[in-house]
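Just so you know, we're using the numbering used here here: the sequence shown kicks off at 2 and counts up by one.
Since the structure comes first, as structure tokens, the remarks are kept for the end.
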Amino acid sequence: MTPEEQEELLVLGRTVDEVLAAAGDEVTPEEAWAALAELGMTAVGLPEELGGSGGDVVQAAAVLRAVAYRCAPAPVAESAWGGSWLLARAGLPVPECPAVALWVGADVEVASSGGTTRIRGTVRAVAGARCADLLVVAVPNEAGAALVRLTTDNVTLVPGADLAGLPLDDVCLDVEVLDAELVAVPVTRDDFDLRVAVARLVQITGAAARAADLVLDHVRTREQFGRPLARFQVVQGRAATIASSTRLLDAAADLAVESIASIDRPDGNEADLRAARLRAVLAVATAYDAVGEVAAHSHQLLGAMGFTTEHPLYRSTTRMWSWREEAGGQRRWLAQAAEALLADQGRDAWAQLADR
2 MTPEEQEELL VLGRTVDEVL AAAGDEVTPE EAWAALAELG MTAVGLPEEL
52 GGSGGDVVQA AAVLRAVAYR CAPAPVAESA WGGSWLLARA GLPVPECPAV
102 ALWVGADVEV ASSGGTTRIR GTVRAVAGAR CADLLVVAVP NEAGAALVRL
152 TTDNVTLVPG ADLAGLPLDD VCLDVEVLDA ELVAVPVTRD DFDLRVAVAR
202 LVQITGAAAR AADLVLDHVR TREQFGRPLA RFQVVQGRAA TIASSTRLLD
252 AAADLAVESI ASIDRPDGNE ADLRAARLRA VLAVATAYDA VGEVAAHSHQ
302 LLGAMGFTTE HPLYRSTTRM WSWREEAGGQ RRWLAQAAEA LLADQGRDAW
352 AQLADR
């Protein structure tokens, strides 16, 4: 990345941060979305010709990280990395409103007859569903998936929430659509889940950076026994662990985003795509432990005040924990990495891990 590109990403992040800082900590999802949409920040990384703001996934990650740093409840990840991204991959227009994706699983019945398809069942724990004006239902098939566009008026929402209090709703479907309305998209569930996991990792880095900044400010200004907490060796050790874990998260997110960028390139061959996917999977998997390190040491240094719902540390760490779980769980991604390593019979595991 050139210095000019790095500066562009910094400016992008600062712009988002300034907008959300002005909106305040109590901003609603609708208000946060409107503030970002006014500058085109809710559709960065999506093609301009389809209604997006242009740019690539690296720029989209810079926006997402800045949104997560401020703990803004705008469903940018769920839309720009989820529903709107699926629409763009299918060549469909990207809406200005939030679009959240629902993947039909085994609990949902899909039956086709007489030129129509009926979808009936419940998709559970859909992040941001109640904040969306458009729901993008993905029905898996041999080529990837078929998409159905619905509004929230077409479904029944059962409200839920994650640990941070963000919407995590069950969506009850009972709709019948014409087969002609189904739009094919060459994206598998595994591909989509990996992209969402990378988005969650990017969000985690933003929340972790905020937690680290809060801790640093606290230990520098809070005094005990006549001197700042930062002067005590045990505090310095915990602060160093937070800093190193935050850097690990940043490095993992950078690798994962670069890998997604490689996957998105139309000229990639099959071997390059497999290698890029493996890098992204490993980056997501290795970041899980660092989340616990940042959260645990941050709360230890801030004490009881950091556990109150009014304190910004609480908003950051609960989001980190929630996003870590919504990314799919460490065991899942380690298992996928193992399967990928064993599937490539032409190279041994070490050569693949060393990317040689």
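Just so you know, even glycine gets a beta-carbon here, dropped at the ideal spot from N, CA and C.
Indicate whether Phe193 and Leu87 have their beta-carbon atoms separated by less than 9 Å.
yes
In the DSSP assignment, find the unbroken beta strand (DSSP E) run with Thr157 in it and report its ends.
Thr157 to Val159
Can the beta-carbon of Gly129 be found less than 9 Å from the beta-carbon of Pro99?
Result yes, Cβ atoms of Gly129 and Pro99 sit closer than 9 Å.
Enclosing alpha helix (DSSP H) for Gly122 [first to last residue]:
Per DSSP, Gly122 belongs to no alpha helix (DSSP H); it is in the beta strand (DSSP E), Thr117 to Ala128.
Taking contact to mean 3 or more Cβ pairs, one atom from each stretch, closer than 8 Å, check whether the region 56 to 71 and the region 10 to 22 are in contact.
yes
I need the straight-line Cα distance from Arg190 to Thr153, nearest angstrom please.
Cα-Cα distance, rounded: 22 Å.
With a threshold of 8 Å, are at least 3 pairs of Cβ atoms found where one atom belongs to the region 171 to 190 and the other to the region 111 to 120?
yes
Tell me whether the beta-carbon of Leu135 lies closer than 9 Å to the beta-carbon of Val77.
Result no, Cβ atoms of Leu135 and Val77 do not sit closer than 9 Å.
Could you tell me whether the region 284 to 303 touches the region 329 to 339, where touching means 3 or more Cβ pairs closer than 8 Å?
yes
Through-space distance from Ser113 to Thr247, alpha-carbon basis:
Answer to the nearest angstrom: the Cα atoms are 49 Å apart.
Give me the DSSP bridge partner(s) of Gly166.
None, per the DSSP bridge assignment.
Classify Ala200 as helix, strand or coil using the three-state DSSP reduction.
helix
Span of the alpha helix (DSSP H), counted from its first residue to its last, around Gly238:
Secondary structure note for Gly238: its alpha helix (DSSP H) is the uninterrupted segment Gln234 to Asp265.
Beta-carbon proximity list for Ser323, same chain, < 6 Å, skipping 5 on both sides:
Asp163, Leu164 and Ala165
Cutoff 7 Å; reference Asp345; Cβ partners in own chain excluding five residues on either side
Within the same chain, Asp345 has close Cβ partners Arg275 and Gln353.
Which two residues bound the contiguous beta strand (DSSP E) that contains Ser113?
Glu110 to Ser114
Helix, strand or coil at Leu174 [DSSP, three-state]
strand
So what's Pro94 in DSSP terms, helix, strand or just coil?
Reduced to three states, the DSSP call for Pro94 is coil.
Report yes if the C-beta distance between Ala209 and Val295 is below 9 Å; otherwise report no.
In this structure, Val295 lies closer than 9 Å to Ala209 by Cβ.
Identified DSSP bridge partners for Ala102
Val137
CA-to-CA distance, Ile264 to Asn270, given in whole angstroms
10 Å
Give the secondary structure of Val68 by DSSP, where H, G and I count as helix, E and B as strand, and everything else as coil.
helix
Can you check which of these residues, Gly116, Asp214, Val188 and Leu158, is closest to Gly83 by C-alpha distance?
Of the listed residues, the one whose Cα sits closest to Gly83 is Val188.
Out of Gly53, Ala107, Val59 and Leu342, state which residue places its alpha-carbon closest to the alpha-carbon of Pro94.
By alpha-carbon distance to Pro94, the top candidate from Gly53, Ala107, Val59 and Leu342 is Gly53.
Taking all protein chains shown into account, do 16 or more other C-beta atoms lie within 10 angstroms of the C-beta of Arg357, making it buried, or fewer, making it exposed?
Confidence at Arg357 is low in this model, with a pLDDT of 48, below 50, so its placement is unreliable and the value that follows should be read with caution. Residue environment: Arg357 is assigned as exposed (fewer than 16 neighbouring CB atoms within 10 Å of its CB, all protein chains considered).
Can you find a heavy atom of the ligand SAM that lies under 8 Å from the Cβ of Tyr70?
What this structure holds is no ligand at all, so the ligand SAM is not there to describe.
In the DSSP output, what is Asn270 paired with across the bridge?
Its beta-bridge partners do not exist; DSSP assigns none.
Tell me which residue opens and which closes the alpha helix (DSSP H) that Gly14 is part of.
Residues Pro4 to Ala24.
Using the beta-carbon count (16 or more within 10 Å), is Pro74 buried or exposed?
buried
Give the secondary structure of Ala187 by DSSP, where H, G and I count as helix, E and B as strand, and everything else as coil.
Inspection of the sequence shows that residue 187 is occupied by Pro rather than by Ala. Coil at Pro187, not helix or strand.
Three-way DSSP call (helix, strand, coil) for Ala341 in this model:
Of the three classes helix, strand and coil, the one that applies to Ala341 here is helix, per DSSP.
Mind checking whether Ala81 and Ala102 have CB atoms under 9 Å apart?
no
Enumerate in chain order the residues of its own chain whose CB-to-CB distance from Glu32 is below 7 Å, with the five nearest sequence positions on each side excluded.
Ala24
Pull up the distance between the alpha-carbon of Asp180 and that of Val172, whole angstroms please.
22 Å
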